[in-house]
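Reviewing the structure listed below.
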Amino acid sequence: MDHFTFRDGVLHAEDVPLGTIADAVATPCYVYSRATLTRHARVFREALSRLPRVHLAFALKSNPNLAVVKLLADEGYGADVVSAGEMARALAAGIPASGIVFSGVGKRGDEMARALAAGIGQFNLESEEEGVELAAIAASLGRRAAAALRVNPDVDAGTHGKISTGKAENKFGVPFDRAQGIFTRLAALAGLEMRGLAVHIGSQLSSLDPLEAAFVKLGGLMRDLRGQGLAVSHMDLGGGLGVPYRAGEHFPSPEAYGAMVARVSRDWDATLMFEPGRVITGNSGVLLTRVIRVKPGASAPFVIVDAAMNDLARPALYDAWHDFLAVAPTGARMTAHIVGPICESSDTFAMNRAIDRVGAGDLAIFRTAGAYGATMANTYNSRALVPEVMVDGARWALVARRIDPATILAAESLPDFLT
Ligand code: LLP
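To convert, count from 1 in the sequence shown and add 23; that's our numbering.
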């Protein structure tokens with residue numbers, strides 16, 4: 024459920040007509056609903072309330088906007104970060120360092136040192152080599168780093184290949200059959216406090232079955248390690264729960280996910296950690312755009328909007344579907360290709376899509392743009408970096424201003440040899 028609804032025929036974000044935001048901020052622009060974010064954060068927490076010990080670490084990569092992270096900090100969420108930059112954002116938003124998990128397949132030494140100095144809660148190690156390096160850094164700082172070993176369970180998540188992470192051929196985690204040996208060796212290092220296992224098999228999962236298969240494997244490994252006398256107190260089950268992108272689509276609910284986790288982990292006696300991203304932020308945001316013009320095409324007209332693949336990369340990268348709705352639909356429909364102004368054919372949001380009839384100057388939205396939207400934006404074709412707005416009831420605020428091409432140009436300079 025979200026708070027983007029029609030009132031008197033006009034699409035609103037909570038109590039704010041989207042036209043108000045377009046007039047004030049201009050388009051394209053992301054619009055987030057505070058009430059939707061809060062609701063999703065609470066629904067996910069509630070779904071896990073039957074589990075004895077839970078730590079929720081919001082995956083910042085899905086939406087690292089400071090206001091979004093602050094809202095989740097206020098909801099008691101920790102953070103899952105993958106760079107020193109994300110860690111700085113989590114801390115700036117008020118998430119205590121002890122609630123932050125540092126994931127990521129290529130943590131640099133300087134980043135690990137900074138995270139240790141900040142007092143980060145846990146490192147999720149992606150290789151034995153990384154663990155050895157972290158142990159040395161921690162020892163040199165007179166510390167012990169709390170860590171979990173990320174295991175690659177070789178389970179097919181059944182999602183898009185580019186966002187699948189739990190197959191043996193993926194770069195993530197250590198191979199399942201080598202995990203016990205690696206954990207044992209890392210647990211013997213003075214700089215590490217090996218306390219758990221971690222898994223994350225992919226994103227936008229449409230079935231709980233692969234997650235369950237991965238968790239069962241992880242539970243078996245936990246038992247084997249404990250059988251050796253090693254302490255395994257934390258089990259990080261990652262993120263990955265999918266959300267509907269098309270009206271009418273159905274995905275496993277957080278409740279069903281929580282029930283599955285409760286069943287699988289009932290005799291684990293461990294703190295369960297979760298790294299939800301999309302399930303919290305996905306349907307909490309839309310990308311507001313204006314139609315520049317409609318151009319006749321061979322099979323269908325091209326609706327050229329002022330948003331482009333640099334603002335919302337998902338369709339170009341993953342052939343992702345985002346519902347497209349007019350802000351003030353007349354009831355008339357058309358079949359069209361929806362494209363942006365960028366000079367390549369991958370700048371296409373949809374082909375032969377049945378949509379509300381729109382014309383030059385009309386406002387429209389791409390739905391479910393709150394996750395992996397603004398954060399993946401760039402300035403290709405010397406376009407501006409897209410701004411972000413948060414709505415709260417009848418109030419709204421700019422939470423990331425537009426960064427103009429002139430600002431980016433100002434960061435460049437000519438070398439002496441060209442002047
Ligand atoms: N934990 C780890 C270790 C991850 O790699 C990810 C996502 C998450 C948690 C959060 O997953 P979520 O709950 O959001 O599915 N840009 C792609 C998605 C990439 C996901 C990367 N990892 C997209 O737009 O679909």
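The beta carbon of each residue, even a glycine, is placed where N, CA and C say it ideally should be.
Contact test: residue i Cβ vs the ligand LLP heavy atom, cutoff 7 Å
i    : result
A394 : yes
V302 : yes
I118 : no
P299 : yes
L186 : The sequence shown places Ile at residue 186, not Leu. Yes, the Cβ of I186 comes within 7 Å of a heavy atom of the ligand LLP.
K240 : no
K194 : no
A113 : no
K93  : no
M332 : no
F227 : What sits at residue 227 in the sequence shown is Gln, not Phe. It does: the Cβ of Q227 is within 7 Å (strictly closer) of some heavy atom of the ligand LLP.
L220 : no
L264 : yes
Y341 : yes
S256 : no
K84  : yes
Endpoints, the beta strand (DSSP E) within which residue i is located
i    : result
L148 : 145-148
I431 : Here I431 belongs to no beta strand (DSSP E); instead the alpha helix (DSSP H) covers 428-433.
L41  : Careful: L41 lies outside any beta strand (DSSP E), inside the alpha helix (DSSP H) at 41-48.
A392 : From DSSP, A392 is part of no beta strand (DSSP E); its letter is neither H nor E.
G308 : 308-318
A279 : Looking at the DSSP string, A279 is not in any beta strand (DSSP E); the run it does join, the alpha helix (DSSP H), is 277-287.
H102 : The residue you asked about is not His; residue 102 is Ala in the sequence shown. Element bounds for A102: 101-104.
E216 : 215-221
Nearest residue (CA-CA) to residue i, options the options
i    : options                : result
L220 : L244, Q227, L234       : L244
R356 : A138, H26, G382        : G382
E69  : A285, A423, R201, F325 : A285
G129 : G142, E153, L139       : E153
A279 : V33, F67, I224         : F67
S368 : A407, N333, G225       : N333
P364 : A392, A397, V91, K318  : K318
R246 : M283, D290, A351       : D290
T294 : T61, F27, H78          : H78
T358 : L348, D379, L340, E411 : D379
F195 : P267, H26, T61, I224   : I224
I426 : E156, R173, L253, P410 : P410
A197 : D46, L212, V222, A213  : According to the sequence provided, residue 197 is Val. The question's Ala does not apply to it. Closest option to V197, Cα to Cα, is V222.
Contact test: residue i Cβ vs the ligand HEM heavy atom, cutoff 7 Å
i    : result
A282 : The ligand HEM is absent from the structure shown, which contains only the ligand LLP.
Span of the alpha helix (DSSP H) around residue i
i    : result
K93  : 89-97
T61  : 57-70
V128 : Unbroken run through V128: none, as it is neither H nor E.
P199 : Note on residue identity: the sequence assigns Phe, not Pro, to residue 199. Segment 199-210, the alpha helix (DSSP H) holding F199.
E109 : 107-115
A236 : 232-250
V302 : 301-304
*asked:* Quick check on the DSSP output: what are the complete alpha helix (DSSP H) runs of length 4 or more inside the segment 140-196, in order along the chain?
replied: DSSP runs (the alpha helix (DSSP H)) wholly in the segment 140-196: 151-163.
_Which complete beta strand (DSSP E) runs does the segment 332-396 hold, if anything under 3 residues is left out?_
Complete beta strand (DSSP E) runs here, min 3: 347-349, 356-362, 371-379, 386-389.
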